[in-house]
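Residue numbers (mature numbering (1 follows the signal peptide of the UniProt record, and there is no 0)): -19 to -1, 1 to 219.
Printed below as a string of structure tokens:
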């Protein structure tokens, strides 16, 4: 059995975000797709801090996407669910009469399984033993609904071929704390924890390794840009 934890501490907002903020499932949506359980969905929360409003959006409409936007506190977003369910994402989420002063999106795309024949941690582009598990069928767990509100959801992708699962947790402590599972990691009111845990009990290749593909989307001078890197900073990285 292999249990692979990946924990990121991401921060960009200048004020606290609290775990007590409730999430709303598909706010303002009256489509049939929004009412059916276990369908791809959008989870939304917001929190007013001073003159700003922080908007948090988790989306399982495609690969799992975690987005945060900071606007003036009077701003209420508009969601075009017809476009969202058709995968027409451009302009489907709008902030009327304002422009976010800050934003950050993380797209968790896929888990990659490969046979590391050279035992060097690198994927050989010609390797035919690569298997991808895309996070477009991930479902929410640990949710308790009250009038369409819920606590902060977790997400899980069953991996039947590995007799395991991939679990994603996003946590907003809203204060200076240490991560309970990995106390070496410390956060401030400006940051949040992202826990990604892989449990795999069965594989057929002797040197099986796993990699994870994700995208960070940040605003730039010429608009949003996507950056890529082969490495991340986690508790195991010097």
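For glycine and all other residues, C-beta sits at the position ideal for the given N, C-alpha and C.
Query: Given 8 angstroms, three or more beta-carbon pairs between the region 95 to 108 and the region 18 to 27; Result: no
Query: CA nearest to the CA of residue 40, picked from 135, 106, 83 and 77; Result: 135
Query: DSSP-derived helix/strand/coil call for residue 70; Result: coil
Query: Sub-8 angstroms separation of residue 150 and residue 118 beta-carbons; Result: no
Query: Contact belief for residue 179 with residue 92 at Cβ below 8 angstroms, rounded distance in angstroms; Result: 7 angstroms
Query: Pair within 8 angstroms by beta-carbon distance, residue 34 and residue 56; Result: yes
Query: Sheet register partners of residue 260 (DSSP bridge); Result: The requested residue 260 is not part of the displayed model; the chain covers only -19 to 219.
Query: Separation of residue 75 from residue 110, as counted between CA atoms; Result: 42 angstroms
Query: Start and end residues, alpha helix (DSSP H) containing residue 13; Result: 13 to 16
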